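Novice: Let me begin by handing over the structure; questions about it come next.
2 protein chains.
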Amino acid sequence: MAETKNKLLMIGAKHVHQKGFNNAGLQEILKEANVPKGSFYFYFKSKEEFGLEIIDVFLSFFEKEVGGDLSDKSISGLNRIRNFLRTSMKGLEDGNYAGGCPIGNLSLEMGDLNENFRVKLSQAFSNMESKLLDSLKDAQSAGEISQSIDIGTVAGFILNSWEGALVRVKAEKSSRPMEILEEILFTKILIN
Amino acid sequence: MAETKNKLLMIGAKHVHQKGFNNAGLQEILKEANVPKGSFYFYFKSKEEFGLEIIDVFLSFFEKEVGGDLSDKSISGLNRIRNFLRTSMKGLEDGNYAGGCPIGNLSLEMGDLNENFRVKLSQAFSNMESKLLDSLKDAQSAGEISQSIDIGTVAGFILNSWEGALVRVKAEKSSRPMEILEEILFTKILIN
């Protein structure tokens, strides 16, 4: 049943986000999901295939939750980016700065170890970047930011620097890296 | 002998950089070092203590190699920062974009799992940031960058965004995230 598969993916995503892919135990996940090992292998050929589908769960979570602000066309492009930064900062504060971005975490953990993971994570980043680019396009069309800004470059820069702020947040357990990111973006880069 | 301890740390650092801390096998490290398990426990109380000392190895590598440019006082502050970015990009290219920054990697892997690691990684970041701050101070004193730049904030921003570029490099296996970082820093932020 799709319900069992979905339950495995949700619980798996939680474990991978908390502990990383290699450190997440299949036994523990199956126990929490109350699903026997045989059923797991009915849905997934391997732990690797399970992990690759978990990346889809993470991307979907970004699109609907953390990065959902970026798709809210009722709000101006520039404010969508600001809301995205604030929503992600609020999420970190509410979660005591644990977790961070699972796509970034998995990239550092798996980027050199598994080419299937790497390709899928690279695609997930492109998808996330395209949401930022859409907001920057709208900001530029509406005259919120200068026409001279190369929004393709800036979209990548914002995503990468956001990932970097999350690396530092995970070590500092403080919002400061996110605050610095917002300050620099809105006073030096996203200007008119 | 200090030599044996040092050999264990060097080989351990290589394994942790390649595979992460949890995924690095003590057996494999001991085999490569040709050191019996008993000797390991003469030098280190546990794998955790070994890992904490490996963070010192990584920081020392940053100070002497990757970030060595930042301490070269014969060069202007602004050029030290540019050299640092270029040296790290060259290192990534030479290594086929594998590895990245071990301090950043360990922060994402261990930041939520082990408080001793987290504190030590946070200190390592502060140390790295202070090298950037020194370069920014010299750049500001020499009039290379505007007096109005808040160099404390910018030092943190550069380090965090550099870490973020490395996250993306690991997924993309391309220098593009590092090129974008240099472009934005030197055209939007480090200006006069």
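For the record, the sequence lines run as chains P and U.
Letter 29 of the first sequence, counting from 1, is numbered 100 in this note's numbering, and no numbers are missing.
Letter 10 of the second sequence, counting from 1, is numbered 81 in this note's numbering, and no numbers are missing.
The beta carbon of each residue, even a glycine, is placed where N, CA and C say it ideally should be.
Just so it is clear, the structure is predicted and the values come from calculations on it, not from any experiment.
(1) Select from P/Arg151, P/His86, P/Phe196 and P/Ser159 the residue whose C-alpha is nearest the C-alpha of P/Lys118.
(2) Take the Cβ of P/Lys202 as the centre, count every other Cβ of all protein chains shown within 10 Å, and call the residue buried at 16 or more, exposed below.
(3) Does the Cβ of P/Glu164 have 16 or more other Cβ atoms within 10 Å, making it buried, or fewer, making it exposed?
(4) Please list the residues of the region 238 to 255 of chain U that have a C-beta atom closer than 8 Å to any C-beta atom in chain P, keeping them in chain order.
(5) For a contact defined as C-beta to C-beta under 9 Å, what are the partners of U/Gln89 on chain P?
(6) Does any residue of chain P have a CB that is nearer than 8 Å to the CB of U/Asn196?
(7) So is P/Gln194 buried or exposed if we call it buried at 16+ other beta carbons inside 10 Å?
(8) In whole angstroms, what separates the C-alpha of P/Ala84 from that of P/Val106?
(9) What residue does the alpha helix (DSSP H) around P/Ala104 start on, and which one ends it?
(10) Quick one: any contact between the region 252 to 263 of chain P and the region 91 to 110 of chain U, if contact means 3 or more CB pairs under 8 Å?
(11) With a threshold of 8 Å between beta carbons, is P/Ala236 in contact with chain U?
(12) Residues of chain P with a CB under 7 Å from the CB of U/Phe132: which are they?
(13) Indicate whether at least one CB of chain U lies closer than 8 Å to the CB of P/Asn176.
(14) I want to know whether the region 207 to 225 of chain P touches the region 213 to 229 of chain U - three or more CB-CB distances under 8 Å.
(15) Hey, is U/Asn263's beta-carbon within less than 8 Å of any beta-carbon in chain P?
(16) What is the DSSP secondary structure of P/Asn94, counted as helix, strand or coil?
(17) Using CA coordinates, which residue listed in U/Pro248, U/Lys241 and U/Phe228 is at the minimum distance from P/Pro248?
(18) At what residues does the alpha helix (DSSP H) containing U/Gly263 begin and finish?
(19) To the nearest angstrom, how far is the alpha carbon of U/Ile152 from that of U/Leu141?
(20) Cα separation between P/Leu204 and U/Asp221?
(21) Which word fits P/Tyr112, buried or exposed, when buried means at least 16 other C-beta atoms lie within 10 angstroms of its C-beta?
(22) Determine the chain P residues that contact U/Leu149 at a beta-carbon separation under 7 Å, and present them in chain order.
(23) Which residues of chain U have a Cβ atom closer than 9 Å to the Cβ of P/Arg189, listed in chain order?
(24) Compute the beta-carbon to beta-carbon distance between P/Met199 and P/Gly138, rounded to the nearest angstrom, for a pair I have assumed lies under 8 Å.
(25) So is U/Glu243 buried or exposed if we call it buried at 16+ other beta carbons inside 10 Å?
(26) Does DSSP put U/Ser131 in a helix, a strand or coil?
(27) Quick check on the DSSP output: the alpha helix (DSSP H) that includes U/Tyr114 runs from which residue to which?
(28) Does the beta carbon of P/Lys108 come closer than 8 Å to any beta carbon on chain U?
(29) Return helix, strand or coil for U/Lys208, following the three-state DSSP convention.
(30) Could you check whether the Cβ of P/Ser232 sits closer than 8 Å to any Cβ belonging to chain U?
(31) Less than 6 Å between C-beta atoms, sequence neighbours within five positions excluded: which residues of the same chain meet that for U/Tyr114?
(32) Are the beta-carbon atoms belonging to P/Gly171 and P/Val240 less than 8 Å from one another?
(33) Using a Cβ cut-off of 9 Å, pull out every chain U residue sitting near P/Ala169, in sequence order please.
(34) What's the gap between the Cα of P/Leu149 and the Cα of P/Lys161?
(35) In whole angstroms, what separates the C-alpha of P/Glu180 from that of P/Gly223?
Specialist: According to the structure shown:
(1) As a working note, residue 118 of chain P is residue 47 in the first sequence. The candidate whose alpha carbon is nearest that of P/Lys118 is P/His86.
(2) Numbered from 1 along the first sequence, position 131 holds the residue referred to as residue 202 of chain P. Label assigned to P/Lys202: buried.
(3) Position 93 of the first sequence holds residue 164 of chain P. P/Glu164 should be labelled exposed.
(4) Val238, Arg239, Lys241, Ala242, Glu243, Lys244, Arg247, Pro248, Ile251, Leu252, Glu254 and Ile255
(5) Taking the second sequence and counting its residues from 1, one reaches residue 89 of chain U at position 18. Correct list: Asp183 and Leu184.
(6) Residue 196 of chain U sits at position 125 when you count from the first residue of the second sequence. A small correction: the amino acid at residue 196 of chain U is Phe; Asn does not occupy that position in the sequence shown. Yes, because at least one Cβ of chain P sits closer than 8 Å to the Cβ of U/Phe196.
(7) Position 123 of the first sequence, counted from the start, is the residue given in the question as residue 194 of chain P. With fewer than 16 other Cβ atoms within 10 Å, it is exposed.
(8) For the purposes of this step, residue 84 of chain P is identified with residue 13 of the first sequence, where counting begins at 1. For the purposes of this step, residue 106 of chain P is identified with residue 35 of the first sequence, where counting begins at 1. Between P/Ala84 and P/Val106, the C-alpha separation is close to 16 Å.
(9) Taking the first sequence and counting its residues from 1, one reaches residue 104 of chain P at position 33. That run of the alpha helix (DSSP H) goes Leu97 to Ala104.
(10) no
(11) As a first step, residue 236 of chain P must be located in the first sequence, where it is residue number 165. With 8 Å as the cut-off, P/Ala236 counts as an interface residue toward chain U.
(12) Position 61 of the second sequence, counted from the start, is the residue given in the question as residue 132 of chain U. By Cβ distance, chain P contributes nothing, its closest Cβ being about 17 Å from U/Phe132, past 7 Å.
(13) For the purposes of this step, residue 176 of chain P is taken as the residue at position 105 of the first sequence. Closer than 8 Å: yes.
(14) no
(15) Residue mapping note: residue 263 of chain U aligns to position 192 of the second sequence, counting from 1. By this cut-off, U/Asn263 is not an interface position.
(16) Translated into positions along the first sequence, residue 94 of chain P becomes position 23. Coil.
(17) To locate residue 248 of chain P, count along the first sequence from 1; it is residue 177. Considering only U/Pro248, U/Lys241 and U/Phe228, the residue with the shortest C-alpha distance to P/Pro248 is U/Phe228.
(18) Here residue 263 of chain U refers to the residue found at position 192 when the second sequence is read from its first residue. It should be pointed out that residue 263 of chain U corresponds to Asn in this sequence rather than to Gly. No alpha helix (DSSP H) holds U/Asn263; DSSP gives it neither H nor E.
(19) Numbered from its first residue, the second sequence carries residue 152 of chain U at position 81. Numbered from its first residue, the second sequence carries residue 141 of chain U at position 70. Looking at the two C-alpha atoms, the distance is approximately 6 Å.
(20) Walking along the first sequence from the start, residue 204 of chain P turns up at place 133. Walking along the second sequence from the start, residue 221 of chain U turns up at place 150. Between P/Leu204 and U/Asp221, the C-alpha separation is close to 28 Å.
(21) Position 41 of the first sequence, counted from the first residue, corresponds to residue 112 of chain P. Burial call: exposed.
(22) Locating residue 149 of chain U in the second sequence gives position 78, counting from the first residue. Those do not exist, as U/Leu149 stays about 16 Å from chain P at its closest Cβ, beyond 7 Å.
(23) Numbered from its first residue, the first sequence carries residue 189 of chain P at position 118. The contacting residues are Lys241, Ala242, Glu243 and Lys244.
(24) Numbered from its first residue, the first sequence carries residue 199 of chain P at position 128. Numbered from its first residue, the first sequence carries residue 138 of chain P at position 67. Indeed they touch by this definition, with Cβ atoms about 6 Å apart.
(25) The residue you call residue 243 of chain U lines up with position 172 of the second sequence. Buried, by the Cβ-count rule.
(26) Counting from one through the second sequence, the residue named residue 131 of chain U turns up at place 60. Here U/Ser131 sits in helix by DSSP.
(27) In the second sequence, the residue the question calls residue 114 of chain U occupies position 43. That run of the alpha helix (DSSP H) goes Lys108 to Tyr114.
(28) For the purposes of this step, residue 108 of chain P is taken as residue 37 along the first sequence, with counting starting at 1. Not an interface residue.
(29) In the second sequence, residue 208 of chain U corresponds to position 137, counting from 1. Note: U/Lys208 maps to helix in three-state DSSP.
(30) By one-based count along the first sequence, residue 232 of chain P stands at place 161. Output row for P/Ser232: interface = yes.
(31) Residue numbering aside, residue 114 of chain U sits at position 43 when the second sequence is read from its first letter. Lys76, listed in sequence order.
(32) By 1-based counting over the first sequence, the position of residue 171 of chain P is 100. By 1-based counting over the first sequence, the position of residue 240 of chain P is 169. For P/Gly171 and P/Val240, yes; Cβs fall inside 8 Å.
(33) In the first sequence, residue 169 of chain P corresponds to position 98, counting from 1. Taking the beta carbon of P/Ala169 as reference, the chain U residues within 9 Å of it are Gly182 and Asp183, listed in sequence order.
(34) In the first sequence, counting from the first residue as 1, residue 149 of chain P sits at position 78. In the first sequence, counting from the first residue as 1, residue 161 of chain P sits at position 90. Taking the straight line joining both Cα atoms gives about 18 Å.
(35) The residue labelled residue 180 of chain P in the question sits at position 109 within the first sequence. The residue labelled residue 223 of chain P in the question sits at position 152 within the first sequence. When rounded, the distance between both Cα atoms is 27 Å.
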